[in-house]
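Contents: one structure, followed by commentary.
Number of protein chains: 4
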Amino acid sequence: MAKSINICLVGQKFMGRTHSNAYMKVAKYFDLALQPVMHTLVARDQAELAEFARRWGWANTSTDWRAAFQNPEIGLIDIGTPNNVHAEMAIAALEAGKHVACEKPLANTLAGARQMRDAARKAKKSKTFVWYNYRRVPAVALAHQLVKEGRLGRIYHVRGYYLQDWAGPDVPLIWRFQKKIAGSGSHGDLNAHIIDMARFITGEEVAEVSGAIMETFVKERVIPSQGSTGGISGGAKGSAAKGRSDVDDAVLFLGRMTGGAVCSFEATRFATGYQNKNGVEVHGEKGAISFNFEDMNYLSWLDNTVPARLRGWTRVPTTGGDHPWAGAYWPPAHIIGYEHTFMNQAADMLNALGGRKPIVPLPDFEDAYQTQRILEAVSVSVRERCPVKVREVK
Amino acid sequence: MAKSINICLVGQKFMGRTHSNAYMKVAKYFDLALQPVMHTLVARDQAELAEFARRWGWANTSTDWRAAFQNPEIGLIDIGTPNNVHAEMAIAALEAGKHVACEKPLANTLAGARQMRDAARKAKKSKTFVWYNYRRVPAVALAHQLVKEGRLGRIYHVRGYYLQDWAGPDVPLIWRFQKKIAGSGSHGDLNAHIIDMARFITGEEVAEVSGAIMETFVKERVIPSQGSTGGISGGAKGSAAKGRSDVDDAVLFLGRMTGGAVCSFEATRFATGYQNKNGVEVHGEKGAISFNFEDMNYLSWLDNTVPARLRGWTRVPTTGGDHPWAGAYWPPAHIIGYEHTFMNQAADMLNALGGRKPIVPLPDFEDAYQTQRILEAVSVSVRERCPVKVREVK
Amino acid sequence: MAKSINICLVGQKFMGRTHSNAYMKVAKYFDLALQPVMHTLVARDQAELAEFARRWGWANTSTDWRAAFQNPEIGLIDIGTPNNVHAEMAIAALEAGKHVACEKPLANTLAGARQMRDAARKAKKSKTFVWYNYRRVPAVALAHQLVKEGRLGRIYHVRGYYLQDWAGPDVPLIWRFQKKIAGSGSHGDLNAHIIDMARFITGEEVAEVSGAIMETFVKERVIPSQGSTGGISGGAKGSAAKGRSDVDDAVLFLGRMTGGAVCSFEATRFATGYQNKNGVEVHGEKGAISFNFEDMNYLSWLDNTVPARLRGWTRVPTTGGDHPWAGAYWPPAHIIGYEHTFMNQAADMLNALGGRKPIVPLPDFEDAYQTQRILEAVSVSVRERCPVKVREVK
Amino acid sequence: MAKSINICLVGQKFMGRTHSNAYMKVAKYFDLALQPVMHTLVARDQAELAEFARRWGWANTSTDWRAAFQNPEIGLIDIGTPNNVHAEMAIAALEAGKHVACEKPLANTLAGARQMRDAARKAKKSKTFVWYNYRRVPAVALAHQLVKEGRLGRIYHVRGYYLQDWAGPDVPLIWRFQKKIAGSGSHGDLNAHIIDMARFITGEEVAEVSGAIMETFVKERVIPSQGSTGGISGGAKGSAAKGRSDVDDAVLFLGRMTGGAVCSFEATRFATGYQNKNGVEVHGEKGAISFNFEDMNYLSWLDNTVPARLRGWTRVPTTGGDHPWAGAYWPPAHIIGYEHTFMNQAADMLNALGGRKPIVPLPDFEDAYQTQRILEAVSVSVRERCPVKVREVK
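Given below as structure tokens:
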């Protein structure tokens, strides 16, 4: 019988579902070095907790995360809560000697992220992971591989965008619009993803934030009625009372990568018509890649070394046995979806904990801290209205 | 506690996996009238059986389907085997008083399909279902609804295509190339799906097959080595010995629908470059729809009543709460994949068994028999080289 | 000073414009072996004639085509009239010792086309051309070259489609709906083009028409008021009196190519939403191509010899110096349009008349007669409701 | 007989061709208030001049622009030269009492542009025009109309991009890389176009440049051999001697529009794979539009007031009689190309000179000066590394 690891998950909202689903299914598709056991679910709301645990198959439940973290049976603690409690929980988990997986962004402040990074450094026996799940899209991993193989040559341009449109003036003041809980709006929610993807694909860092802009288009929103603070869609119109949205609705910035490329990033919840257009483009001397999550089963690739007569963008379906993770699922072109990115990450985490090397690098706290530094540099650039150097250009 | 039904699944290959996955997950996403219980898995290979059952969570296993079908605990028997045993199994299951779900096409001969239809008519207490899963793509169901609402007006053209390219000359002689097992090649495998989709979307029948063409491009294939007859991809090069492929690699036909539209269908495994291009287009006086499974989360819709200045094809993402089934999964634009069509069908079947009405019609044996009649008419048209009337044009 | 040739054009409607425009502009872009001189314009309507000639720069006009054809100054006679007068005019022009360019299809009957072919054979000093202008789309010529270079290998499937939607029930009974003038509807107008393109790209002939369907969706149309019989768009609502449309609105057929491929063709004026979707797809063992005129500056190309990991459809922009004709116009990606196909053909005709070899084969009467035979075979297949052999399969 | 105006064109390179072609053809398609007469062509190279004039039909030639401008027969002077001589020529032309059309950007310095603007203000009888030809793409004009009709509502985001890839390290040091001639690189060449398009479509101004980045990726280039400084493609490898490229290869900036929207612009010659991706996107509360020149015959339009069930991007073909200018050409969907934008502008200019109102606003010197101010603000922002206010935010 294969070895296994007991997991404790904190959170039962959107990310609670994606993680539960991943743990439930990952061993069906993948032959893992370590089997996941859905041991304990932790959340604040006792009533919802039982129902959620039953539905998704968690063996135990608890409303006391501190106690749960001390349970010697638990091997991996997975934090799927809002950003403001990541640091406290992750540090406690590390101090309890556990492996830790944490939702992104690492924390809601750079200081918090640094403490987490330091705690991870200290906890030498613990592995840490951050759920930058878009690295686990087969097309994104293929892009990473192509750059690593030198197929793009010198990189000129990196372009990241995460365009959503769900946050119109009618959406009430859910937690995502409250800085004290979310830390930020589109910045931590969306920019975090595309900065991580750009770093992952290019293998470079953002060296400088050269200019940035931040905007809250809708400054006041209706306060939702009790109990409806959860999902993205919010829904409940609530009372007529209004409160202030103190997070960014959109953040754009320009910068330079350590390798000399120019980069630009745009995150917004107000790009009418784009529900989830989350992508990265990289233009190099020898080739270019373009990825857009709305078309997630494909990578667009241009080989600039092909003679001009037949040169053009190739739309590569990444659903076959030659593509990362894809062979674990269905025959070629029987496409996968959003949730499979979480399964792929769960597979790689469990394999890493079992001693295997993941197919492509997994983000740990150290790695995610670098993304957090860039997020912070953007915030400083906005506040100070000037460029901010993140690290020396090579 | 919700009521439940015990399921017995026959088959552990490609369709065994899709059905198991659907039963395992459907209750996580949907609130069902009846909970599925993965009771018994039946297959011929004892060794594989245990491993498959363990992996996917089947409580019991058996290599004796006849015995399993008699088990009074079983409520629903699901047949996911090759086509040549559908009739025998389905009739036995109906005679045992069970509800029956069967993979498509209904049978590998029209006679077999008719017997199944007759058995279903006789078994008044049993419900029957056929896994024409593409009806359960949200975009396809939306297309069905639009036609039903009269938004296309008089229909002129119906175009179905299912284009694959996996069957090049290097693929060995797996069961899919053997008539005695598969019944046919691309015809039953692919045309069956697009005929069903066209019938489902338009609410019309094919009245006449006006012309047809059938071709086996690769007539001899290498006989695979023992134990590698399973997957689509086949893979194993096997010995040098060759055998005859006696199924069609491609079948195209033209016809007329009962409402007066002209229709055309193309099924092939030799459309180099199209791995799974499975689609239907319908052009009506007031509008048109176009669906392609390679882009399954979207429906293309053209409203011909919009003034020419702004008229054009609209690519509608069908991933929101206003679209069939989609609200059960993730926020809008967090796309779903191939496997979700099976979950959607499982949800509708379980709800139907629990007394609820499915969102859009579920194909039963009676319905699937009509598709089989069209498949047969095409075969006759090919053999006799003449048009074949299926039913009177309205 | 370069040598020149005097041209006499017959026709001043849609094709009169496209040809005039081509002769006016071709020498601006191309360095030609022979300069075109816009010598004489012939048409029936004296009033329109003068205005059209002035606008487009024809030096002389005439309403007497027989007299004009005898003018010894004329070197090339270009027939841009409705199909029913092609044969009479072309034969007269050949007998007058002129080179002849004729609009497609060659004639409105096979007998007429055969007489034209025979007259062309007899007139040994005359060159003939037919305006199958889509051969002169750079992407189509590139497709021809790729097949010729063996890059597709054995061909499995050929698919031609020409889908328009302008002929709804409100369009009056213009000449295009009258058999005595047009010869046929979508068949000669649209199928002729895609049959020619398929022959041109593959270098093969249609060997057999295996099945065909023809439909007139709108059987009665309003008779247009005097003087509005011209354009495609018709427009004028006219009197309430109705007349019978005796041409086909849609013609579909299936067949086999001489090299063993299966082919299918669809021509219709009732494909709601597709204004001018005119394309050809070819799937071979080693590669595939897809062309659609709605995206005419691009050729989609799939190289099946590329490893699966990076295999996919490449959208090749055909606007650079490495592509047929494209270098004569603007920098890469500064796209060209419909009218440039006529300029490209004019350039090749003038070069051919001046002794140069055209970039890719130009269709002459002999060649266009083969297309006419296929059109006729389809008509016979529809009438007799059976397959029709055009020539032996290799 | 219609009234006419004699034109004097300066320049015989890329823009000399596009303008000549426009004047030659515009009256074929459009019924104009004023007929263009191709009177005099001015350029420096006497030998090329004669050949160019003969080919394109200019009646007279001159190498002395000052003399030519004084010719009382001339009514309109069209300046198609490099940017560094725009100001001198345009001011002289205005002082000579002529109407003036000038290539974009208005000048190579803001001071020059201001002098031109002032000269235009003074020359009350002269009309001025600037060749921002992309306003004359039917899809772009339609976008302008939609915004003007209030169909987008409050605007949140404006995104302009002009991505080319022709300037790799092997391209020699043609005039486009020399600041003294070109004024700038991608900034004046490409950003000018997309800033103008954004202003035109939204009817708003850029209020603030919030951040900007400018990069010269290839700092040294081979000096081309004599006589090959012309085309974009350059071509000639030239000697081994290298010179310094002192213009920008890429310029990106972020800003705010006067109406409160956030805007971003990117111009580059190093976006490998994009030969001429020139577009604008606007997201408003009620709708969104997206235009990309690589697909120039279409406008993507999203109506956010449509219920979610059928909401999506509509790809509107803008080739019919209901679209600006398109009715002058061919039947719907018989697409037009790059050169037609110049014909459309020529038509509107000639109509404006003849007293008619153009379909959508034509840019004059006053208007183009505003674009120049923004270009300058970006340059200042790059130099000073800080935000630059262009005008007060409303």
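Heads up: the sequence lines are chains F, C, V and P, in that order.
My numbering puts the first residue of the first sequence at 1, with every later residue one more than the last.
My numbering puts the first residue of the second sequence at 395, with every later residue one more than the last.
My numbering puts the first residue of the third sequence at 789, with every later residue one more than the last.
My numbering puts the first residue of the fourth sequence at 1183, with every later residue one more than the last.
Positions of the beta carbon are idealized from the N, C-alpha and C atoms, including for glycine.
Here the structure is a predicted model, which means the values were calculated and not measured.
Practice item. Could you please tell me which residues of the segment 1512-1535 of chain P, in chain order, have their CB closer than 9 Å to any CB of chain V? Key: If you check each beta-carbon in the segment 1512-1535 of chain P against every beta-carbon of chain V, the ones closer than 9 Å belong to 1512, 1513, 1514, 1515, 1516, 1517, 1518, 1519, 1520, 1521, 1522.
Check your understanding: Taking buried to mean at least 16 other C-beta atoms within 10 Å of its own C-beta, is residue 851(V) buried or exposed?
Key -> Counting Cβ neighbours within 10 Å, residue 851(V) comes out exposed, since fewer than 16 surround it.
Exercise for review: Verify whether the separation of the beta carbon atoms of residue 980(V) and residue 1159(V) is less than 8 Å.
Suggested key: Yes, Cβ-Cβ distance for residue 980(V) and residue 1159(V) is below 8 Å.
**Study point:** Nearest to residue 1561(P) (by Cα), restricted to the options 1455(P), 1436(P), 1459(P)
**Key:** Distances from the CA of residue 1561(P) to each of 1455(P), 1436(P), 1459(P) were compared; the closest alpha carbon is that of 1436(P).
Exercise for review: List the whole-angstrom C-beta distance separating residue 681(C) from residue 593(C), where the pair is believed to meet the contact cut-off of C-beta under 8 Å.
Suggested key: Their Cβ separation, rounded to whole angstroms, is 19 Å, which puts residue 681(C) and residue 593(C) out of contact at 8 Å.
Review point. Short check: CB of residue 1139(V) to CB of residue 820(V), under 8 Å?
Key: At the C-beta level, residue 1139(V) and residue 820(V) come within 8 Å of one another.
Check your understanding: First and last residue of the alpha helix (DSSP H) that includes residue 252(F)?
Key -> Unbroken run through residue 252(F) is the beta strand (DSSP E), 250-257; no alpha helix (DSSP H).
Point to revise | Short Cβ contact (8 Å threshold) for residue 825(V) with residue 795(V) | key: A contact, by the Cβ cut-off of 8 Å.
Review point. By the criterion of Cβ-Cβ separation under 8 Å, what are the contact partners of residue 1040(V) in chain C?
Key: Chain C residues near residue 1040(V): 648, 656, 658.
Check your understanding: Would you call residue 498(C) buried or exposed, if buried means 16 or more other Cβ atoms sit within 10 Å of its Cβ?
Key -> Around the C-beta of residue 498(C), 16 or more other C-beta atoms lie within 10 Å, and the residue is accordingly described as buried.
**Study point:** Unbroken beta strand (DSSP E) run spanning residue 216(F), endpoints
**Key:** Element bounds for residue 216(F): n/a, residue is neither H nor E.
Practice item. Count the other C-beta atoms from every protein chain shown that fall within 10 angstroms of the C-beta of residue 46(F), then say buried if there are 16 or more, exposed otherwise. Key: Counting Cβ neighbours within 10 Å, residue 46(F) comes out exposed, since fewer than 16 surround it.
Practice item. Please name the residue in 897(V), 922(V), 1071(V), 1109(V) whose C-alpha comes closest to that of residue 1065(V). Key: Relative to residue 1065(V), the option among 897(V), 922(V), 1071(V), 1109(V) whose CA is nearest is 922(V).
Check your understanding: By Cβ distance, which residues of its chain are closer than 7 Å to residue 1361(P), with the 5 residues on each side in sequence left out?
Key -> Cβ within range, chain order: 1428, 1429.
Point to revise | Buried/exposed call for residue 1368(P), threshold 16 Cβ in 10 Å | key: With 16 or more other Cβ atoms within 10 Å, it is buried.
Exercise for review: Note the first and the last residue of the continuous alpha helix (DSSP H) segment covering residue 140(F).
Suggested key: Residue 140(F): member of the alpha helix (DSSP H) spanning 138-148, first to last residue.
**Study point:** Where residue 58(F) falls: helix, strand or coil (DSSP)
**Key:** Residue 58(F) falls in the coil class under three-state DSSP.
**Study point:** Rounded distance between the beta-carbons of residue 404(C) and residue 475(C), thought under 8 Å
**Key:** With 8 Å as the limit, residue 475(C) and residue 404(C) qualify as a contact, their Cβ atoms being about 5 Å apart.
Review point. In its own chain, which residues sit with a C-beta less than 6 Å from the C-beta of residue 623(C), not counting the 5 before and 5 after it?
Key: In this predicted model, residue 623(C) has a pLDDT of only 45, less than 50, meaning its place in the structure is not dependable enough to derive any value.
Practice item. Output the distance between the C-alpha atoms of residue 22(F) and residue 1483(P), rounded to the nearest integer angstrom. Key: Near 37 Å, if we compare the C-alpha coordinates of residue 1483(P) and residue 22(F).
Check your understanding: Hey, does residue 1318(P) have any beta-carbon neighbour from chain C nearer than 8 Å?
Key -> So no, residue 1318(P) is outside the interface.
Review point. Roughly how far, in whole angstroms, is the beta-carbon of residue 709(C) from the beta-carbon of residue 1495(P), given that I think they are within contact range, below 8 Å?
Key: Cβ-Cβ separation between residue 709(C) and residue 1495(P): approximately 5 Å, consistent with a contact (criterion under 8 Å).
Review point. What residues of chain F sit near residue 916(V), judged by a beta carbon separation below 9 Å?
Key: Near residue 916(V) there are no residues of chain F at all, since even the closest Cβ is about 31 Å away, more than 9 Å.
Point to revise | Residues near residue 409(C) in its chain [Cβ-Cβ closer than 7 Å; skip 5 each side] | key: Result list for residue 409(C): 474, 497, in chain order.
Practice item. Indicate the three-state DSSP secondary structure (helix, strand or coil) for residue 166(F) in the structure shown. Key: Residue 166(F) sits in coil when the DSSP states are folded into three classes, being neither helix nor strand.
Review point. Is there a Cβ from chain P that is less than 8 Å from the Cβ of residue 235(F)?
Key: Note that residue 235(F) scores a pLDDT of 46, beneath 50, so its modelled location is shaky and nothing firm can be said.
Exercise for review: Mind checking which residues open and close the beta strand (DSSP E) that includes residue 1089(V)?
Suggested key: Run containing residue 1089(V): 1086-1091, per the beta strand (DSSP E) assignment.
Practice item. Buried or exposed for residue 801(V), please, with buried defined as at least 16 other CB atoms from any protein chain shown within 10 angstroms of its CB. Key: Flag for residue 801(V) reads buried.
Check your understanding: Do you know how far the Cα of residue 448(C) is from the Cα of residue 25(F)?
Key -> Taking the Cα positions, residue 25(F) is about 13 Å away from residue 448(C).
Point to revise | Where residue 661(C) sits in the DSSP three-state scheme | key: The answer is strand: DSSP assigns residue 661(C) an E or B state.
Review point. Looking at the C-beta of residue 712(C), does it have a partner C-beta in chain V at a distance below 8 Å?
Key: It does not; no Cβ of chain V falls within 8 Å.
Practice item. Report the residues of the segment 1457-1489 of chain P with a CB closer than 9 Å to any CB of chain C, ordered along the chain. Key: Those residues of the segment 1457-1489 of chain P that come within reach of chain C (Cβ to Cβ, closer than 9 Å) are 1480, 1481, 1482, 1483, 1484, 1485, 1488, 1489.
Exercise for review: Report the neighbours of residue 322(F) on chain V: residues whose CB is nearer than 8 Å to its CB, in chain order.
Suggested key: Those within 8 Å of residue 322(F) in chain V are 1095, 1096, 1097.
Practice item. For residue 707(C), decide whether its Cβ has a neighbour in chain D, counting only Cβ atoms nearer than 8 Å. Key: Absence of chain D from the displayed structure is noted, the protein chains being F, C, V and P.
Practice item. Using a Cβ cut-off of 8 Å (strictly closer), state whether residue 1017(V) contacts chain P. Key: In this prediction, residue 1017(V) scores a pLDDT of 46, lower than 50, which makes its location untrustworthy; the coordinate-derived value is nonetheless stated afterwards. Output row for residue 1017(V): interface = no.
Check your understanding: Between the segment 720-733 of chain C and the segment 555-568 of chain C, do at least 3 Cβ pairs fall closer than 8 Å?
Key -> Segments in contact, no.
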